[in-house]
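Here the structure comes first, spelled out in C-alpha cells, and everything after it is commentary.
Numbering (the numbering used here), first residue to last: 272 to 706.
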C-alpha cells in the first residue's frame, strides 16, 4: 500500500512537471504518515491529519443493501462521524426529548454495541439542521476524547476503551447562534480543540491526553463562531503544525506543543468558517460562507518563523466554494464539493480550474477519497462516487436507507456510513479488522 502511494505520486510528478518540489515532498511525507496511521484506524474527523484520504482497495463504487457487511440501529440520532482504533468504533448520539447524550462503542467487525456511556445536557441554541451530537470524537491507543456543549458551557472529556470516564474538564463559555460542531484532535499526547465562538472568551486549548490538565491555552479575538477541526501540517523536516481558520483570525499556524502562533494571516473572512482547512504542500485552503454555499476563499502560502517568511495569499477561488463540506487534496489537485452538488477540480499549486460539474443533491457531509475515488453522501443518503483525476467521471451512485449529514469513516477495508439513525459498514474486507 505504501509503495503504491509513492508510485502514484512519482507518476503524477513525472506527468506534470509544474508541481513544485516542496509540494511533492510534503505529499510524500503525508503518504508515509498515512501508511503508519492506517495500522491504527480512522482516529479523528476526516481521518489521518484531516486529509479525508484512504488507500483502501476493498471499497466498492456501487453497492446495494445486500452488500452491507452490517447495518445496525443506533441508540439516538446525531451528525458526528465514526472514529476507529483497531476493531473498536466510537461515535456520539443524542436523544433530544430526554436531553441524553451518548458515546457508543461498537465492534467494527460485526456492528455489535460493546458499551454505551451516557450523560445528560442542558439544551442550548441550535440550528434546525444541527444536532446536540455533532462533534466527532478523537481516539488514540488508550482513550477516546469528546467535546460537548451543555447550556452555554464547553466541556471536554476522556473515556478509556472500556467506556470508563478518565477525566472531564469544564472549559468555559460557548455561545453561538447555530450551535456547536468543532471536533477535537489528539496529537503527540495533546488533545487540541478550538473554542472560537460568538462570545467574548474565545480560545484554543491543548490538554494533556492522559490527565486532562491544561498544557497551553491561547486566548483569541471573538468574531463569528468557527466550526472547523484543525488540519495538521507535516513538513519534510521540522516540527508539526496545526492549522486553524476563523473569522476573527483568518488562517493560523499553531505549535501543537506550546500553543505558540507560528504565523497568521487575518482579515480574510467576514462570514463563518464551517468547512475545515486543508493543506496542499505549503498552501492552506480555507473558506467562509452562509446560507447554502461558500462565499469567501483564502488560499494561503504558510509563513515560516525561522526563515522570516510571512504568510501571503496565494490565489483566490471564486466559483464552486463549499460552506459546510471540507475539500480534499489528492496528489496535485484540490477537489471542492459544494453544498449544492457542484464539484470542482483545481490545480492545487495554481488554482487553475481543470473541470467543474453538477452532480446533483445537497450536501453537509464532507467527501472522502478512497483509492483515488471521491465518495460524497447527500443529505438524502445518495452516495456519489467520482474519479479523483483531471478527467471527470462519475463511477457510481448508491442509495442509503435514510438521509445523512455525517462524513464517512474508512478503516479495516470498510467504509462506515452514519445515517440519521443507523450505522452501515460496506467493504469486501480482505483487510480484516485488527483486534
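Glycine is no exception: its CB is placed at the ideal position from the N, C-alpha and C atoms.
DSSP three-state assignment for residue i, whether helix, strand or coil
i: residue 378; result: strand
i: residue 502; result: strand
i: residue 336; result: helix
i: residue 321; result: helix
i: residue 444; result: strand
i: residue 416; result: strand
i: residue 488; result: strand
i: residue 316; result: coil
i: residue 683; result: coil
i: residue 630; result: coil
i: residue 604; result: strand
i: residue 688; result: strand
i: residue 369; result: coil
i: residue 646; result: strand
i: residue 358; result: coil
i: residue 561; result: strand
i: residue 304; result: The pLDDT assigned to residue 304 is 46, lower than 50, so where the model puts this residue is not dependable; a value taken from the coordinates is nonetheless given after this. It is helical.
i: residue 433; result: coil
i: residue 449; result: coil
i: residue 459; result: coil
i: residue 583; result: strand
i: residue 525; result: strand
i: residue 309; result: Only weak support exists for where residue 309 lies, its pLDDT of 46 falling under 50; the coordinates are left without a value.
i: residue 511; result: coil
i: residue 656; result: strand
i: residue 545; result: coil
i: residue 476; result: strand
i: residue 566; result: strand
i: residue 363; result: strand
i: residue 597; result: coil
i: residue 623; result: coil
i: residue 348; result: strand
i: residue 670; result: strand
i: residue 465; result: strand
i: residue 481; result: coil
i: residue 425; result: strand
i: residue 663; result: coil
i: residue 539; result: coil
Buried or exposed by the 16-neighbour rule on C-beta atoms within 10 Å, applied to residue i
i: residue 550; result: buried
i: residue 690; result: buried
i: residue 686; result: buried
i: residue 541; result: exposed
i: residue 298; result: Bear in mind that the predicted position of residue 298 carries a pLDDT of just 49, short of 50, making it too unreliable to give a figure here.
i: residue 531; result: exposed
i: residue 394; result: exposed
i: residue 543; result: buried
i: residue 580; result: exposed
i: residue 242; result: The first residue shown for the chain is 272 and the last is 706, placing residue 242 beyond what the model contains.
i: residue 508; result: exposed
i: residue 578; result: exposed
i: residue 333; result: exposed
i: residue 589; result: exposed
i: residue 466; result: buried
i: residue 583; result: exposed
i: residue 365; result: buried
i: residue 623; result: exposed
i: residue 621; result: exposed
i: residue 631; result: exposed
Cβ distance (whole Å) where residue i is taken to contact residue j below 8 Å
i: residue 596; j: residue 636; result: 7 Å
i: residue 359; j: residue 376; result: 6 Å
i: residue 436; j: residue 470; result: With 8 Å as the limit, residue 436 and residue 470 do not qualify as a contact, their Cβ atoms being about 27 Å apart.
i: residue 313; j: residue 677; result: That belief does not hold up - the Cβ atoms of residue 313 and residue 677 are roughly 13 Å apart, past 8 Å.
i: residue 647; j: residue 613; result: Actually they do not touch by this definition, with Cβ atoms about 11 Å apart.
i: residue 405; j: residue 443; result: Rounded, the Cβ-Cβ distance is 19 Å, inconsistent with contact.
i: residue 593; j: residue 610; result: 6 Å
i: residue 354; j: residue 409; result: 7 Å
i: residue 555; j: residue 587; result: Going by Cβ atoms, the distance from residue 555 to residue 587 rounds to 14 Å, so no, they are not a contact pair.
i: residue 392; j: residue 421; result: 4 Å
i: residue 560; j: residue 566; result: 5 Å
i: residue 340; j: residue 696; result: 4 Å
Short CB-CB distance (under 8 Å) between residue i and chain D
i: residue 616; result: Protein chain content of the structure displayed is limited to a single chain, and chain D is not contained in it.
Contact the stretch 510-517 vs the stretch 463-483: 3+ CB pairs below 8 Å: yes
Three or more C-beta pairs below 8 Å linking the stretch 587-606 and the stretch 617-633: yes
Contact the stretch 323-332 vs the stretch 375-390: 3+ CB pairs below 8 Å: no
Validate contact between the stretch 502-509 and the stretch 479-486 using beta carbons, cut 8 Å, 3 pairs: no
Stretch-stretch touch, CB-based, cutoff 8 Å, three pairs: the stretch 663-671 with the stretch 344-352: no
Sufficient close CB pairs (3 or more, under 8 Å) joining the stretch 360-371 to the stretch 317-324: no
Segment contact, 8 Å Cβ cut-off, at least three pairs: the stretch 659-667 with the stretch 556-575: no
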